[in-house]
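Peer 1: Be aware that the sequence shown starts at 0, since it is given in numbering that gives the first Met the number 0, and climbs by one per residue.
Backbone N, C-alpha and C fix where the C-beta goes; we use that ideal spot for every residue, glycine too.
Computed from a predicted model, the values in this text were never measured in an experiment.
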Amino acid sequence: MGMSVTISEATEQDAEQIFRLQYLCFQSEAALYANYRIAPLVQSLDSVRQELAADCVFVARLGDEVVGSVRGGLTEDGAAAIGKLCVHPRLQGHGIGARLLRAAEGALAEERGAKKFRLFTGHRSEGNLRLYRRVGYETVGTSQGTDGVMMIVLEKQAGEYAATA
Numbered sequence: 000m001g002m003s004v005t006i007s008e009a010t011e012q013d014a015e016q017i018f019r020l021q022y023l024c025f026q027s028e029a030a031l032y033a034n035y036r037i038a039p040l041v042q043s044l045d046s047v048r049q050e051l052a053a054d055c056v057f058v059a060r061l062g063d064e065v066v067g068s069v070r071g072g073l074t075e076d077g078a079a080a081i082g083k084l085c086v087h088p089r090l091q092g093h094g095i096g097a098r099l100l101r102a103a104e105g106a107l108a109e110e111r112g113a114k115k116f117r118l119f120t121g122h123r124s125e126g127n128l129r130l131y132r133r134v135g136y137e138t139v140g141t142s143q144g145t146d147g148v149m150m151i152v153l154e155k156q157a158g159e160y161a162a163t164a
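1. Could you work out which residue in Arg129, Phe25, Gly144 and Thr145 is closest to Thr138 when comparing CA atoms only?
2. What did DSSP end up calling Glu109 once you bin it into helix, strand or coil?
3. By the DSSP assignment, the beta strand (DSSP E) with Arg60 in it spans what residues?
4. Could you check what DSSP says for Ser124 in three-state terms: helix, strand or coil?
5. Where Lys155 and Phe116 are concerned, what is the direct C-alpha to C-alpha distance, given to the nearest angstrom?
6. On the three-pair Cβ rule with 8 Å, is the region 89-101 touching the region 25-45?
7. Buried or exposed: where does Glu15 fall if 16 or more other Cβ atoms within 10 Å of its Cβ makes it buried?
8. I believe Gly67 touches Leu118 by the beta-carbon criterion, under 8 Å. Please report the beta-carbon distance rounded to the nearest angstrom.
9. Let me make sure I understand the geometry here. Which of Asp146, Ala29, Arg132 and Ala102 has the alpha-carbon closest to that of Leu153?
10. Would you report the Cα separation of Asp76 and Leu20, rounded to the nearest angstrom?
11. Using three-state DSSP, classify Gln156 as helix, strand or coil.
12. State yes or no: is the C-beta of Phe25 within less than 7 Å of the C-beta of Val47?
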């Protein structure tokens, strides 16, 4: 490839690239459930911009192209909810998702005082479950998404940085 992927905080100028990337990346998730109304596919560009302003958002860049992203924010119980982790299909399997997770976890713990991290993934999303378990997340329950998809709830304590992908 000739370039290396860098991880950095997202800027307002990244909103459109994140929006397009998210739409591309979550097509495979939608296909798994035969449900193209999952939250990442119906989210508006304005909503992405609002998340950029309010949440901890990191991107993976290859040159000027955003090739991955993740978002996180504190919940009412003080945990950090991490979501919408995505990596461009052509770059999956190279540890970018794990690097994005580590960046978000570090910022959420240091800047926002998160003591634990929580994320959700669809029950059929084996690749996602493998990644999350490899980086230290454990299943703590299930939940039904607003789109009807059964979700696995995973958590880990802040400071538990397992091996990378």
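Peer 2: The relevant details are as follows:
1. Sequence index remark: in the sequence shown, residue 138 carries index 139 (1-based). Of the candidates Arg129, Phe25, Gly144 and Thr145, the one whose C-alpha sits nearest the C-alpha of Thr138 is Arg129.
2. Mapped onto the sequence shown, residue 109 falls at position 110. Three-state DSSP puts Glu109 in a helix.
3. Position 61 of the sequence shown, counted from the start, is the residue given in the question as residue 60. First-last of the beta strand (DSSP E) with Arg60: Cys55 to Leu61.
4. Locating residue 124 in the sequence shown gives position 125, counting from the first residue. Coil, per DSSP.
5. Position 156 of the sequence shown, counted from the start, is the residue given in the question as residue 155. Position 117 of the sequence shown, counted from the start, is the residue given in the question as residue 116. If you draw a straight line from the Cα of Lys155 to the Cα of Phe116, it is about 5 Å long.
6. no
7. Locating residue 15 in the sequence shown gives position 16, where the first residue counts as 1. Its Cβ having fewer than 16 others within 10 Å, Glu15 is exposed.
8. Here the question's residue 67 lines up with position 68 in the sequence shown. Here the question's residue 118 lines up with position 119 in the sequence shown. Not a contact, Cβ separation roughly 15 Å.
9. For the purposes of this step, residue 153 is identified with residue 154 of the sequence shown, where counting begins at 1. When the alpha-carbon of Leu153 is set against those of Asp146, Ala29, Arg132 and Ala102, the nearest one is in Arg132.
10. Mapped onto the sequence shown, residue 76 falls at position 77. Mapped onto the sequence shown, residue 20 falls at position 21. Approximately 30 Å between the Cα atoms of the pair.
11. Stepping through the sequence shown from its first residue, residue 156 is reached at position 157. Three-state DSSP puts Gln156 in a strand.
12. The count along the sequence shown starts at 1 and reaches residue 25 at position 26. The count along the sequence shown starts at 1 and reaches residue 47 at position 48. No, they are not a contact pair.
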